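From first to last, the protein sequence lines stand for chains R and D.
Each residue of the first sequence is one higher than the last, beginning at 175 in the numbering used here.
Each residue of the second sequence is one higher than the last, beginning at -6 in the numbering used here.
See below for the structure under consideration.
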Amino acid sequence: MVSNPRKTPSIGGSYQPLNMPIAVNVTSTSDGQPISVAENRNGRSVPSKVENVIDLWELDDEWWRTESIRRRYYRLLMESGRVMTVFKDLSTDEWFCQEY
Amino acid sequence: MTIACVKISHLPLQCELVRAPDLSSRLVIIYHGEESRPTVLDASSDTRLRRGMSLLRAMSQHPEASVIRADEAFYDARWHDVIESLLNVSDRVEDAARGNAFIAIDGLSELYGGQDQTIALISEATTKHGFEARIGVAPGRFPAYCAAIRARPHKPVKLPSNRAAVRDFLAPMPVDILPLENRAIDLMHDFALDTMGDLANQSVSALQAQLGPDGRRAWELVNGIDRSTLNTIERTKTIIDTLQFPWPVASMDALSFGVRALLDRAFASVQRISKAAGRMDLTCEMSDAEHWDYTHVFKEPTDSATLAHSVVMTHVETIVQSDASPIRSPVETISVELSRLGQARAEQSGLWNDHEKGDLDTALRQLNAKLTASPIKTVVDVEPWSRIPERRQALAEVTSR
């Protein structure tokens, strides 16, 4: 039998999702606005002040499931000049860092 | 910068007179525009008709005039010939509009033996195509244009390079010539500033206060200060080749064979200079002296004669089947012009060729045998449209089969 010359290596069955949320410590005001985020610098957690909230949006999905996804995303300009995106899980009140 | 302005007044009319010299003894009106509302494009100067006037009104004033429909493509081609000739005199030529060109003549005196000789060569570049041009020479674009307006054919007007002389020359000319918006010109007339001399007598701050940036520019122009540079055209290189059949051919096969031979030759010239053609102009001359032209602009520059041949023959096969086919008689000569020569489009090759894919497969098999799980992973789209970021892409193992 002649082998197929166009055959390329195939993709296996195991998947590892990319861009998973990473838990972060966020200090927020009473109305929920983040004021500082613990940034990871050289393996150490260093609190960094939020200079400005650039954008804010909510994600409400999979409401038909037992555990729905309810998140409030913030795009933040940090004091260091870095722009980062964090969200608050509205079901658990936990904060995560995730590029959107 | 010393600039010569070449102005060919009544270019459409002069083109028609070159084509049909017997018209010179008659009044001529050339019209263009839609059939329902034709307007005057050009007319013999004796008629005193203005461009844009309704043709019906013009004909009512001059019922004896010969009325000709404008052949804009012909006028453009003739003007293009003039520009080509001017480019033989100087490599810094601006094609401002049909009938108006600017030429930087600095440094040409040493080449041609003086400014007069340079102007004579510029004049010859227009007269050899049968045109009578007005030529103005001045230290700037605008004064050169004004000098050309004042010039007569074969009698160029040269302005000295000092600003005071330019200012004195411009002083009696109307402000309407200034290259400004109509609104600014109207405002000047409202202030009784009708000539450039009137403007030059004003202070720059007063003009700027009333007209803004236009006021400053106007003041500078009428005082002989023109900082504008020429938007020079780049001479395009073209490859031209012609094939004459030993006898007129009427069959599609013979025509296709001839087109292929011609394109092979022309594209070989393109490949020799490591370029690709962006445009192809093909002309067929038929036995009844009729011409058929076909122009194709390639999406991407190409150096492939095969592609060009398939483009031409697909078009030819389509048109010969139509009732109004332009190829009605046997073809005697075909010629091709390849222009817009540029770099060929770069094509991205695959990361691995077939041979390397085999090597990769072997390497993966060996790694799997050694490590039990594949260490090579690839990013795959899972739900790229998902609102939930972690659902969009995933890392997947690459395994051999």
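Heads up, the beta-carbon is just placed ideally off N, CA and C, and yes, glycines get one too.
Since the model is a prediction, treat every value here as computed from it, not as a measurement.
Status (buried if at least 16 other CB within 10 Å, exposed otherwise) for residue i
i, result
"D/E390", "buried"
"D/D15", "exposed"
"R/V224", "buried"
"D/G133", "buried"
"D/F250", "exposed"
"D/V21", "buried"
"D/H3", "buried"
"D/D352", "exposed"
"R/R245", "buried"
"D/G129", "buried"
"R/P179", "Below a pLDDT of 50, predicted positions are generally treated as unreliable, and R/P179, at 47, falls in that range; no measurement from the model is reported."
"D/P239", "exposed"
"D/A144", "buried"
"D/Q314", "exposed"
"R/W231", "exposed"
"R/K181", "Caution applies to R/K181, whose pLDDT of 46 falls short of 50 and renders its modelled position unreliable; the value that the coordinates give is listed next. It counts as exposed."
"D/S18", "exposed"
"D/K121", "exposed"
"D/M245", "exposed"
"R/T273", "With the sequence shown as reference, residue 273 of chain R is identified as Glu, and Thr is not the correct amino acid for it. R/E273 is exposed by the Cβ-count criterion."
"D/G107", "exposed"
"D/E87", "buried"
"R/S242", "exposed"
"D/T229", "exposed"
"D/D35", "buried"
"D/G92", "buried"
"R/V227", "exposed"
"D/G343", "exposed"
"R/T266", "exposed"
Residues that residue i contacts on chain D, provided the C-beta gap is smaller than 7 Å
i, result
"R/I275", "In the structure as shown, chain R starts at 175 and stops at 274, and residue 275 of chain R therefore has no counterpart that could be examined."
"R/D235", "R380, I381"
Under 9 Å by beta carbon: chain R residues contacting residue i
i, result
"D/V372", "L192"
"D/Q386", "P191, L192, N193"
Beta bridge counterpart(s) of residue i as assigned by DSSP
i, result
"D/I233", "D/E330"
"R/F261", "R/Y247, R/F270"
"D/A389", "R/Y189, D/T371"
"R/E232", "R/R246"
"D/W285", "D/C277"
"D/I22", "D/A36, D/V60"
"D/G335", "D/A269"
"R/V227", "R/L250"
"D/S315", "For D/S315, which the question treats as bridged, DSSP gives no partner whatsoever."
"R/T201", "R/S210"
"D/S17", "Answer by DSSP bridge pairing: none, since D/S17 is not bridged."
"D/A(-3)", "D/I96, D/V130"
"R/P221", "R/A212"
"D/T295", "D/A270"
"D/V309", "Partner(s): none; D/V309 has no beta bridge."
"D/V324", "D/V242, D/M279"
"D/V290", "D/R272"
"R/K196", "It should be pointed out that residue 196 of chain R corresponds to Ile in this sequence rather than to Lys. Answer is R/C271, bridged to R/I196."
Under 8 Å by beta carbon: chain D residues contacting residue i
i, result
"R/E273", "P382"
Counting only Cβ-Cβ distances shorter than 8 Å, please list the residues of the region 187 to 214 of chain R near chain A, keeping chain order. Note that chain A does not occur in the displayed structure, where the protein chains are R and D.
| task | Could you please tell me which residues of the region 245 to 258 of chain D, in chain order, have their CB closer than 7 Å to any CB of chain R? | result | none
*asked:* Runs of 4 residues minimum, wholly inside the region 29 to 67 of chain D: which ones carry the alpha helix (DSSP H) assignment?
replied: 48 to 54
* To do: Kindly provide the ranges of any alpha helix (DSSP H) runs that are 4 or more residues long and lie completely inside the region 139 to 210 of chain D, ordered along the chain.
  => 156 to 163, 175 to 183, 189 to 193, 197 to 204
What are the uninterrupted segments assigned as beta strand (DSSP E) that are 3 or more residues long and contained completely in the region 78 to 151 of chain D, given in chain order? 86 to 90, 93 to 97, 127 to 131
4 or more residues per run - each alpha helix (DSSP H) lying fully within the region 225 to 277 of chain D: 245 to 265
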